[in-house]
């Protein structure tokens, strides 16, 4: 299926206030491609008539339309590896070259295939298969599933860190990976500890996720770079083994010192919050620290 856009390049390159709405007609969903058919509108023009400000405007718009974010491979709830999907980006230099060729050299069929380049996913199914070979450590904490709001917050934060891969030398930031805890993102008001006193705030309960993660990654090959304790003891981990987090305050962060990537598998289910850490059999420093 090929779709034409009437006078598209003329409108974009000559007139300064052209609407971008008609570009939507370019997309060929079946072939996942963008086409510009200009054959009926080939005409002579001087270089002075080309407006490169409008070319840049068209380029920016097409960048937004062509861009498709790659999707990493991941492990689903059944333990199956779901294959990665590559993304796309506009090949800007080639796009400009094709526009120039059309105007100054002419194109026999008048059809411009919008060029795009593949963006590979960072985590492939092959990589996941390799780094899931060896379980470095596992830690589980318990929570009252009857507390619906707190349970929901724990589940959301667990889902956020699940399937995270940290490559050798890279840092993991809990706040960066989980993101801001807001109502719009599904987080609910639940109990929190503020200056030693119990209060209520959006996202209450996620410190159990960060604390569980801390105990799972406390390995010789993991360097804890940022951790803060609560201002009072918490019931779900032994004394001194907690890691409090807050969007505008404390973070929990660490660096992977193994020579292989490490994988975080996290799940909150039926009152149990579990984090397991995996890596390749080729990784070194497997021994965990004593609690």
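Residue numbers (mature numbering (1 follows the signal peptide of the UniProt record, and there is no 0)): -21 to -1, 1 to 270. Where is the CB? At the ideal position from N, CA and C, for every residue including glycine.
Closest by CA to residue i, which one among the options?
i, options, result
"residue 141", "121, 42, 253, 258", "253"
"residue 34", "76, 45, 161, 238", "76"
"residue 159", "230, 150, 214", "230"
"residue 186", "238, 213, 243, 108", "213"
"residue 184", "122, 260, 105", "122"
In angstroms, rounded to a whole number, what distance separates the CA positions of residue i and residue j?
i, j, result
"residue 130", "residue 124", "6 Å"
"residue 115", "residue 41", "45 Å"
"residue 216", "residue 117", "14 Å"
"residue 128", "residue 74", "50 Å"
"residue 103", "residue 146", "13 Å"
"residue 206", "residue 139", "19 Å"
"residue 182", "residue 78", "51 Å"
"residue 69", "residue 45", "6 Å"
"residue 180", "residue 258", "36 Å"
"residue 324", "residue 210", "Because residue 324 is not part of the residues shown, which for the chain are -21 to 270, the question remains open."
"residue 234", "residue 244", "17 Å"
"residue 188", "residue 67", "34 Å"
"residue 59", "residue 112", "14 Å"
"residue 219", "residue 43", "48 Å"
Return the first residue and the last residue of the beta strand (DSSP E) that residue i is part of.
i, result
"residue 241", "241 to 248"
"residue 121", "113 to 121"
"residue 74", "That residue, residue 74, is in no beta strand (DSSP E); its alpha helix (DSSP H) goes 71 to 79."
"residue 258", "251 to 258"
"residue 146", "No beta strand (DSSP E) holds residue 146; DSSP gives it neither H nor E."
Compare the C-beta of residue i with all C-beta atoms of chain B and state if any pair is closer than 8 Å.
i, result
"residue 248", "The chain labelled as chain B is not found in the depicted structure, where only one protein chain is given."
Residue range of the alpha helix (DSSP H) that residue i falls in?
i, result
"residue 235", "No alpha helix (DSSP H) contains residue 235, which is instead part of the beta strand (DSSP E) from 232 to 235."
"residue 187", "185 to 196"
Which of the three DSSP states is assigned to residue i in this structure?
i, result
"residue 167", "coil"
"residue 138", "helix"
"residue 38", "helix"
"residue 104", "helix"
"residue 50", "strand"
"residue 67", "strand"
May I ask whether a heavy atom of the ligand MN can be found less than 7 Å away from the beta carbon of residue i?
i, result
"residue 64", "The ligand MN is not part of this structure, which contains no ligands at all."
Are the segment 90 to 98 and the segment 50 to 61 touching by the rule of at least three beta carbon pairs closer than 8 Å? no
Check whether the segment 156 to 173 and the segment 191 to 207 are in contact - that is, three or more C-beta pairs closer than 8 Å. no
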